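In the working numbering, the protein residues as written are 493 to 856. All residues carry an ideal CB built from backbone N, CA and C; glycine is no exception. As the structure is a prediction and not an experimental result, all values here were calculated from the model. One structure below.
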């Protein structure tokens, strides 16, 4: 059986799909997937042994230059890749209009979420077969339920646990084959046997950012205890923030800019990670790296890092999780603050560095 899987982005969403691919491979030995994914994340599906071919797309870039020669050439290559293989069916695991648009380009019936289950309900109109998957469950579980419904096997027991994902999965559930990962080199200008702590500080929404001063204080606590702290980055803004966090701290280091394989190297070598709600936190979970993830505006019950070595620490602020990209409150007007730190999103005032450090020490 050969299936075209459409799950284009984001990094976290792509990683959330891996356990479902593993479930399908266990239920139907010999099943093969070709995976349509944004070019930025194309490394990830290739690490799963049930994925035969990764078909990259660049919708974000194509939209900016729809008539460019490069766009036309890449679009032609995408269509040729779909025409080259006979698929039993297409599975749109994203439920967006853009993913449905990609899915119908293949010459095969399309399965996907039904109107009430899809993130963008109109996407379901493109599907020949629609499947009901309840909302209010963790993203990993929802995708696993979709695959089970499409392929006709019972949902695995480890998908039926608590929706925060803690204790529900190990590295084998994600199914990554580490021999497929072209690991990059790590930075060696650090301390031999010192425990390594990776700060996954970069994220998208302003309300998902733990305060920079909090990161710096946590780095001070960790390096003072003999930990080797490392900070990756993926944009110039993140690079500048990382440099400010480690400034004048012996034992704290900003990594060079790394591809996903290089970041996987750093994560697998880590003793632990501290993350915000970010795709790299989910990559750490897929690699079974002990990680403490910090949640303010978002809900760990829906998108928390899923795995036995994961701990999600959510604020108990009254309006959290608000699921909003911007916050209408500020510490200066809300009456809520943390000593010595300015906090833009008041909900993070409840997650002070000393508390994070204490929990992190208990995880080790």
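In terms of residue numbering, what span does the beta strand (DSSP E) encompassing residue 526 cover? Run containing residue 526: 524–530, per the beta strand (DSSP E) assignment.
Would you kindly report the start and end of the unbroken alpha helix (DSSP H) that includes residue 586? Residue 586: not part of any alpha helix (DSSP H); DSSP gives it neither H nor E.
Given residue 664 as reference, the closest of 499, 801 and 611 once Cα atoms are compared: Closest option to residue 664, Cα to Cα, is 801.
Between which two residues does the alpha helix (DSSP H) harbouring residue 871 extend? With the chain represented from 493 up to 856, any question about residue 871 goes unanswered, as that position is not in the structure.
Do the region 798–814 and the region 771–783 make contact, defined as three or more Cβ pairs closer than 8 Å? Enough Cβ pairs lie closer than 8 Å, so yes.
Alpha helix (DSSP H) segment containing residue 856, residue limits: It is not in any alpha helix (DSSP H) - residue 856 carries neither H nor E in the DSSP assignment.
Let me confirm a value: residue 505 is counted as buried when at least 16 other C-beta atoms fall within 10 Å, else exposed. Which label applies? With 16 or more other Cβ atoms inside 10 Å of its own Cβ, residue 505 counts as buried.
If we count the other Cβ atoms within 10 Å of its Cβ and call it buried at 16 or more, is residue 724 buried or exposed? A buried status is given to residue 724, since no fewer than 16 other beta-carbon atoms sit within 10 Å of its beta-carbon.
Alpha-carbon spacing of residue 610 relative to residue 746, whole angstroms: Distance between the alpha carbons of residue 610 and residue 746: 40 Å.
Cross-strand partners of residue 764 (DSSP beta bridge): DSSP, once it has assigned bridges, lists 689 as partnering residue 764.
Starting from the C-beta of residue 692, find all residues in its chain whose C-beta is less than 6 Å away, skip the five residues before and the five after it, and write them out in chain order. The answer, listed in chain order, is 765, 767, 770, 772 and 773.
Counted within 10 angstroms of its Cβ, other Cβ atoms place residue 861 as buried (16 or more) or exposed: An answer regarding residue 861 cannot be provided, because it is not within the stretch 493 to 856 covered by the chain.
DSSP-derived helix/strand/coil call for residue 656: Note that residue 656 has pLDDT 49, beneath the 50 cutoff, so the model's placement of it is unreliable and the number below is only indicative. DSSP, reduced to helix, strand and coil, places residue 656 outside both helices and strands of the structure shown, so it counts as coil.
Under the three-state DSSP convention, the category residue 838 falls into: Helix at residue 838.
Among 596, 625, 560 and 552, which residue has its Cα nearest to the Cα of residue 497? Taking only the C-alpha atoms, the option nearest residue 497 is 596.
Near residue 682, which residues of its chain fall below 7 Å by C-beta distance, leaving aside the five closest residues on each side in sequence? Since pLDDT at residue 682 reaches only 46, below the 50 mark, its modelled position is unreliable, and the value read off the structure follows with that caveat. In its chain, beyond the 5 residues on either side, 720 and 745 have a beta carbon closer than 7 Å to the beta carbon of residue 682.
One question on the structure: do residue 668 and residue 540 come within less than 8 Å of each other, judged by their Cβ atoms? Contact: yes.
What are the residues that DSSP puts in a beta bridge with residue 623? Under the DSSP definition of a beta bridge, residue 623 partners with 605.
Range of the contiguous beta strand (DSSP E) that encloses residue 744: Its beta strand (DSSP E) spans residues 744–746.
Mapping DSSP to helix, strand and coil, what is residue 561? In this structure, DSSP gives residue 561 a helical state, which the three-state scheme calls helix.
Around the C-beta of residue 604, are 16 or more other C-beta atoms found within 10 angstroms, so that it is buried, or is it exposed? Under this definition residue 604 is a buried residue.
Note the first and the last residue of the continuous beta strand (DSSP E) segment covering residue 547. Boundaries of the beta strand (DSSP E) around residue 547: 543–549.
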